[in-house]
Each structure stands twice: as structure tokens, then as C-alpha cells.
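Student: Below are the C-alpha cells for one structure; questions will follow.
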Amino acid sequence: MREVPERYLPIKELSMRVQWLIRLRWIAIVCLFIVITTARYVVGLDLSELAFYVANMLLLASNLCYTLVHRHLIHSEMKNLNPANMNIFINFQISFDLILLTYLLHFSGGIENPFMLFYIFHMVIASILLSNRAAYMQACFAVGMFGCMVFFELSGFLSHHHIRGFIPLELMRQNRLYILGIFSAFTATLYVTVYMTTSIVNTLRKREGELETAIGRLETANTMLEHKDREKSRYVRTLSHDIKGSLTAIQSCLKVVLDGLVGAVASKPTDLIQRAERRSRRLLRFVEELLYLSTIRAENNFRKYELSFSDIAGSIRTEFEPVLAERNIDLTVVEHTEQAMINVDPDAFHQLLTQLLDNAVKYTPSGGIVRIELLRSIDHDGVVLTVADTGSGIADEDLPYIFEDFYQAESIINTETPSTGLGLSIVRQIVLMHEGKITVESKTGEGSIFRLTFPTIPNKMEV
Amino acid sequence: MGVQAKVLIIEDDPDTAEAMRITLEAQEHHVVMASDPTQGLETARKEKPDVIILDVMFGKKEESKGFDYAVKMRQDKTVAPIPILMITAVNIRHPGFNFSPDTDEEFLPVDDFIEKPAQPKELVQKVQNLLNMKTSTWKNWPHKGE
Chain A
397 MREVPERYLP
407 IKELSMRVQW
417 LIRLRWIAIV
427 CLFIVITTAR
437 YVVGLDLSEL
447 AFYVANMLLL
457 ASNLCYTLVH
467 RHLIHSEMKN
477 LNPANMNIFI
487 NFQISFDLIL
497 LTYLLHFSGG
507 IENPFMLFYI
517 FHMVIASILL
527 SNRAAYMQAC
537 FAVGMFGCMV
547 FFELSGFLSH
557 HHIRGFIPLE
567 LMRQNRLYIL
577 GIFSAFTATL
587 YVTVYMTTSI
597 VNTLRKREGE
607 LETAIGRLET
617 ANTMLEHKDR
627 EKSRYVRTLS
637 HDIKGSLTAI
647 QSCLKVVLDG
657 LVGAVASKPT
667 DLIQRAERRS
677 RRLLRFVEEL
687 LYLSTIRAEN
697 NFRKYELSFS
707 DIAGSIRTEF
717 EPVLAERNID
727 LTVVEHTEQA
737 MINVDPDAFH
747 QLLTQLLDNA
757 VKYTPSGGIV
767 RIELLRSIDH
777 DGVVLTVADT
787 GSGIADEDLP
797 YIFEDFYQAE
807 SIINTETPST
817 GLGLSIVRQI
827 VLMHEGKITV
837 ESKTGEGSIF
847 RLTFPTIPNK
857 MEV
Chain B
10 MGVQAKVLII
20 EDDPDTAEAM
30 RITLEAQEHH
40 VVMASDPTQG
50 LETARKEKPD
60 VIILDVMFGK
70 KEESKGFDYA
80 VKMRQDKTVA
90 PIPILMITAV
100 NIRHPGFNFS
110 PDTDEEFLPV
120 DDFIEKPAQP
130 KELVQKVQNL
140 LNMKTSTWKN
150 WPHKGE
């Protein structure tokens, strides 16, 4: 168990508490004014109202000063504000409030006045805001002042102001033992209040401290995890890089043979070489996608620009033209927003569209339709991009997993159209890095619709 | 077919280089090889090839030395007029290394790009185009054009 040190609250919290104290005092000033005026002029009590108004004015003036001092403290010294200064400031406020309270009580019957309970509030406030020792000091100060007032009134050194019509008995002249009793109860109440409040506050502070430590530990763990994740991505990158270099060389060599540049090859070896070439090409694609995914995960350094959607769609269409013609698939691009501009990383967005379109074309039979649509989101805070196809669709049981790395739907594993299982991971990662969202709807045999939402508000940091 | 010419290949992967050499030699071009850009620049000065094929990446760390050397070649009086074909291995574009012929063409002093693994037919065609061009459009680097 950690000992609770003689503590100061964090400076920011102290400052907030001071503001709270000042606000409470404004309310007290208004209430006091109303009470005095009502008691004197409505109820007609025999009060020395001048003394009360003076006290109220003093309270008002002091609160005004506190407001200014507080403003000065936070504005000029916030950077290296000493919590000790703030504590002296709070100590002063409470002490001065206690003096004014004693003064008011003195002019309204002293120990006879039930408003002496108001000392308790001050003890609670002191216990919350100050160190334990300072709270007990304030209790001593309150008891001392109240005690002095009672003693001086009893001894005749100060005159006793009994309020007729409000307090039924004038205790001062009747029962000194009872006065002693009230005073003892009063003293004990103050100390017990401070004791109880500080105990509760200490427990809370300790919990707060433990919570902060726990949060700190979690944050450290999180940072370490992120670091590990980046390290892992870097590792995958280096690895895939080396593999990629070799695969490229294999491809180059096989191509030379297949193109007959080193002389004619018989049909059987050609078939095998073709297979080897196809596999190495597929593997190269896999490694490239893995490399790309690791890179964007490891280094989130997308550069976003305002781009015209039509331009990007146009260049994608050109790239896909041959395969679209070959597979007899119709590609429609629709823009519902006038000259839609999107705020994205050009290469990443190109990559994203390529992957989606690649999938759509791959799983759409001849004569099918692929439709790309761009529209404003319903709440106008983003753009929605949909890529829909009339392809084979995704089975319900596969749907929740299609964005996971390496996931391949059962139905496509053994088909002629191999997949790396990384395309949609890449798409999802790019969408996330643009603070967007991606959803998919699909029906087996009818087709799929991928719906991507991007915020239009440009991220200021990226500009 | 095309003109027989002298082609310099600057490429650090021996197998990729060999595949390109065979491809170009099948076109009866005379091929000179260099495995790093420093040596490549030397060879280019000495051999005065008609076309230079320059890989963009060198070494394990994938340093894009090819970029720097393309500029160095343009600053060299002897080499500056020789057209350069740059080999890029960036099929999937890398974030942070947003190299793309569409945009970088404007400041990279090379005359054409080919992606790795180079398809033999495409390689032959691109080399032929540069041979027809005779002089690099970047010979007055940093100014492009005639």
C-alpha cells in the first residue's frame, strides 16, 4: 500500500477548485444580502445592520480580489506555477472567510446563533482543498477565533449582541456550563468533520493515484505493442523484399525462355515452364501485396490531396480496359456530385480502386456489369463510394471474415482465379487510414456491393 | 528488324541482368553490363553506349540510387545525350515513396520507364524507341526538351 504523501493537488485541479470556491462565495454574498435585508426590514429584527453590510461588502471586495489574483496566477505563471502559492492563496481565502463568519456571528448573538454551524462547511472545503495538516490548522484557527469571541463576550471585554425576537434565550447571562457544553460540542464537531473528510479524501486520492498508475502502465504497454507491431511489419517488409527480388529474377529468366529468345523449347517443357512462370507471378503478386500492406501499416504516411474523382476513375478504366473487353464486362462509372473532389492519397486511392475492381471483375461472369458510384453521404459530411458487381457474390458464412488477412472464401480456394487473400485487407487498411468506413452487402449468385465512406472535411494536418 | 546498337545495362541483380542481356542480344544488340551505378557511369563514359538501362534500386536497403545517378549522368557532358530507360520495381506503389512515371516523369531526367520483371517484348520495344530517339530529351539538363 502506498502512503499518501502530504500532497498538493495537481495545479490544474487546484485552479478549478479555486474557481469553484469563488463562485460559491458569490452565491453566499447574494444570500447574505437577502437574509440581512429581510431580517432587518421585513421581519424587523433588531440588528446592527451596518456591521452586516460592512461584512458583506468586505466579502464582496475580497472575492473580487480573489478573482483577479486567480486570473493573474493562471495567466502569468501557469507554466511554472508553484502549487505552494496556490495553497497559500486558498489558505488565505478560508481564513479570511472564517474571520468574517466570526465577525458576523459576534454581531448576531455569538454562541447563541445557530448559524455557527457554517464553520463546518469551511472545514469540509479546507479538507478537500488543502493538505491534512493545513485542514487541521484551519480547524484550530476556527475553534480559536470562536473560542476567543465567546470568552471575550463572557468576560465583558466584547459586548454581547443578543437578537431579541430571533433567539429565545440570552444564554450569556444564564448558564455558563451550557455554553461550555455547546462550545465543546462545536469544537469536537469541527475536528471530527476534518478527520472524516480528510480520511475520505485521502482514500479517494489514493484510488486516483492507483488509477493513474494503472493508466500509465496501460499506456506504456500500448506503446510497446505498437512498437512491436511496427517492428513486425518492418521484418515482414525486409523479408518480402528479398523474396520479391528473387521472384523478379525468376520471372525475367523464365520469360526469356518462354519467348523463345534462347531457342525453341518443346511443348512439354514449355507447359511446365509456363506453370512455373504463372506460379512465380502469383507468388510475386502475393509478396507485393504483403509488402504493401506491411508498409502502410508500419508507416502511416499517406499524403492527402484534393483529387477529382473522374480523373482517377478515368485512369482506372484505361487500365482495366483490356481485361473488361476480354471478359465482356460492362463498367459504368456514375458521379452524383458535381465534379466530386475527394481528399485522399492518390496512390493509395488508386490502389484501393484497383483492388476492388480487380475483385469485381474476377468474380463477375462474362456479360456482367460492374458499377462504380460516387455520391454525397446522407448527412453531407462525406462521400460514399460504391463498387457493385453482378458476380458470384459472397456466402453469408464468409461475409464476416472477408476483410481479414489471408482469408479466402471456401468457394474460391480451388478456382482458376487465385486470390492472395490480402486485397480486401489492403482496401480496409487504406479506408481506415483515411478515417473512412467500409461495409459490404452480398447475395450468393447475385453480386456484391462494397460501400466506402470517406469524410470530406480535410484533415488540417495533412494539408 | 531494328538497328543494332550498344546497350549498357546497370543492374545489380545478376540474373535479372542476364535475362535482359539475352533478350537484347537476341535482337543482335551489343550489350555492356555494370553491376553498380558508379561503375555504370564509368562504363558509360568509356563505352559511349546508344542506350542506358538503369535500375532504380540498388543494394539490400533498396536505396533509390538510380535517381541520383540519372541526374549525375545528365551532368556528365559525354553521357548526357544518351537516352536512359529506367527499371522500376514499384508495381504496387509504395506510400512515402510515391514513385509513379505519370508524375515523376517531369523531373526525373530519364526518357522512359519499364517495370520489373520486364517483359522481353516490352523491353525490346522500349529500347528500340529510345534508339530511334537517338538523343535524350534531357541532354540539356535541368531543362527538358530540344
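In order, the protein sequences belong to chains A and B.
Residue numbers are given in my numbering: position 397 of the first sequence equals residue 793, and the series is strictly consecutive.
Residue numbers are given in my numbering: position 44 of the second sequence equals residue 53, and the series is strictly consecutive.
All C-beta atoms in this analysis are idealised placements derived from N, C-alpha and C, irrespective of residue type, glycine included.
These numbers were taken from a predicted model, which means no experiment stands behind them.
1. Counting only Cβ pairs nearer than 9 Å, list the residues of chain B close to ASP655(A).
2. Pull up the DSSP beta-bridge partners for GLY843(A), would you.
3. Taking 8 Å as the CB-CB limit, is ASP64(B) close to chain A?
4. Assign ILE101(B) to one of two classes, buried (16 or more other C-beta atoms within 10 Å of its C-beta) or exposed (fewer than that).
5. Would you mind reading off the limits of the alpha helix (DSSP H) that contains ALA79(B)?
6. I need the boundaries of the alpha helix (DSSP H) containing ILE880(A), first residue and last residue.
7. Which residues in chain B sit within 7 Å of GLN647(A), going by Cβ to Cβ distance?
8. Hey, quick one: how far does the beta strand (DSSP E) through VAL780(A) stretch, first residue to last?
9. List the residues of chain B whose Cβ lies closer than 7 Å to the Cβ of GLY641(A), in chain order.
10. Using alpha carbons as the reference points, say which of GLN84(B), ILE62(B), LYS143(B) lies closest to HIS152(B).
11. May I ask which residues mark the beginning and end of the alpha helix (DSSP H) holding ASP754(A)?
12. Is TYR701(A) helix, strand or coil when you go by DSSP?
13. Would you call the segment 429 to 445 of chain A and the segment 563 to 577 of chain A in contact, with 3 or more CB pairs under 8 Å?
14. List the residues of chain A that ALA28(B) touches, going by C-beta distances under 8 Å, in chain order.
15. Could you check what DSSP says for PRO479(A) in three-state terms: helix, strand or coil?
16. For a contact meaning CB atoms closer than 7 Å, what does VAL827(A) contact in chain B?
17. Going straight from the alpha carbon of VAL426(A) to that of MET533(A), what length do you get?
18. Report the three-state DSSP secondary structure of MET66(B) (helix, strand or coil).
19. Pull up the CB-CB distance for ASP121(B) and THR146(B), whole angstroms please, since I reckon it's below 8 Å.
20. Please list the partners that VAL779(A) has in chain B, where partner means a Cβ-to-Cβ separation under 8 Å.
21. Could you give the distance in angstroms between the alpha-carbon of GLN825(A) and the alpha-carbon of PHE799(A)?
22. Strictly under 8 Å for the Cβ-Cβ distance: is THR52(B) near chain A by that measure?
23. For LYS135(B) and THR644(A), which I take to be in contact (beta-carbon distance under 8 Å), what is that distance rounded to the nearest angstrom?
24. Would you say VAL658(A) faces chain B, with C-beta separation under 8 Å as the test?
25. Taking 8 Å as the CB-CB cut-off, is THR97(B) touching chain A?
26. Quick one: any contact between the segment 594 to 604 of chain A and the segment 541 to 551 of chain A, if contact means 3 or more CB pairs under 8 Å?
27. Using a Cβ-Cβ cut-off of 8 Å, state whether THR47(B) counts as contacting chain A.
28. Below 6 Å CB to CB, which residues in the same chain sit around LYS5(B) once its five sequence neighbours on both sides are set aside?
29. Please classify LEU614(A): is it buried, with 16 or more other beta-carbons within 10 angstroms of its beta-carbon, or exposed?
30. So ILE486(A) packs on VAL414(A), CB below 8 Å; how close in whole Å?
31. Mapping the DSSP letters down to three states, classify THR852(A) as helix, strand or coil.
32. Taking CB distances under 8 Å as the criterion, tell me whether THR25(B) reaches chain A.
33. Once you ignore the five residues that flank LEU443(A) on each side, which residues in its own chain have a CB closer than 8 Å to its CB?
34. If you draw a straight line from the C-alpha of SER676(A) to the C-alpha of ARG847(A), how long is it?
35. What's the call for HIS468(A), buried or exposed, on a 16-neighbour Cβ count within 10 Å?
36. Taking 8 Å as the cut-off, decide whether the C-beta atoms of THR782(A) and ILE765(A) are in contact.
Tutor: In short, the structure shows the following:
1. Going along chain B in sequence order, the residues near ASP655(A) (Cβ under 9 Å) are THR32, ALA35, GLN128, PRO129, LYS130.
2. According to DSSP, GLY843(A) bridges with LYS839(A).
3. Chain A contact via Cβ: absent.
4. Low confidence applies here, because ILE101(B) scores a pLDDT of 47, under 50, leaving its location unreliable and the question unanswered by this model.
5. Start and end: 74 to 84.
6. This structure cannot speak to residue 880(A), because chain A is shown only from 397 to 859.
7. In chain order: PRO126.
8. Judged by DSSP secondary structure, VAL780(A) falls within the beta strand (DSSP E) whose first and last residues are 778 to 785.
9. Those are ASP22, listed as they occur along chain B.
10. Out of GLN84(B), ILE62(B), LYS143(B), GLN84(B) has the C-alpha closest to the C-alpha of HIS152(B).
11. Looking at the DSSP string, the run of the alpha helix (DSSP H) that includes ASP754(A) is 742 to 758.
12. Three-state DSSP puts TYR701(A) in a strand.
13. Counting Cβ pairs under 8 Å, fewer than three are found: no touch.
14. Within chain A, the residues near ALA28(B) are ALA645, SER648, CYS649, LYS651, VAL652.
15. The answer is helix: DSSP assigns PRO479(A) an H, G or I state.
16. Chain-ordered listing is empty here: chain B has no CB closer than 7 Å to the CB of VAL827(A), the nearest sitting near 14 Å.
17. Computed Cα separation, rounded: 29 Å.
18. Taken through DSSP and simplified to helix, strand or coil, MET66(B) comes out as coil.
19. About 10 Å; that fails the 8 Å criterion.
20. Within 8 Å Cβ-Cβ: nothing; VAL779(A) doesn't reach chain B, min ~21 Å.
21. Between GLN825(A) and PHE799(A), the C-alpha separation is close to 9 Å.
22. It does not: the Cβ of THR52(B) has no partner Cβ on chain A nearer than 8 Å.
23. No, LYS135(B) and THR644(A) are not in contact; Cβ-Cβ is about 17 Å, not under 8 Å.
24. Under the Cβ distance rule, VAL658(A) counts among the residues neighbouring chain B, one pair being separated by less than 8 Å.
25. Closer than 8 Å: no.
26. The segment 594 to 604 of chain A makes no contact with the segment 541 to 551 of chain A, as fewer than three CB pairs between them are under 8 Å.
27. It does not; no Cβ of chain A falls within 8 Å.
28. Within the shown structure, residues of chain B are numbered from 10 to 155, placing residue 5(B) beyond reach of any answer.
29. It counts as exposed.
30. 6 Å between Cβ atoms; contact.
31. The answer is coil: DSSP assigns THR852(A) none of H, G, I, E or B.
32. With a threshold of 8 Å between beta carbons, THR25(B) makes contact with chain A.
33. Excluding residues within five positions, the ones whose Cβ falls inside 8 Å are ILE432, ALA435, ARG436, PHE503, SER504, ILE559.
34. If you take the alpha carbons of SER676(A) and ARG847(A), they lie about 33 Å apart.
35. Under this definition HIS468(A) is an exposed residue.
36. It is not a contact, given that the beta carbons lie outside the stated cut-off.
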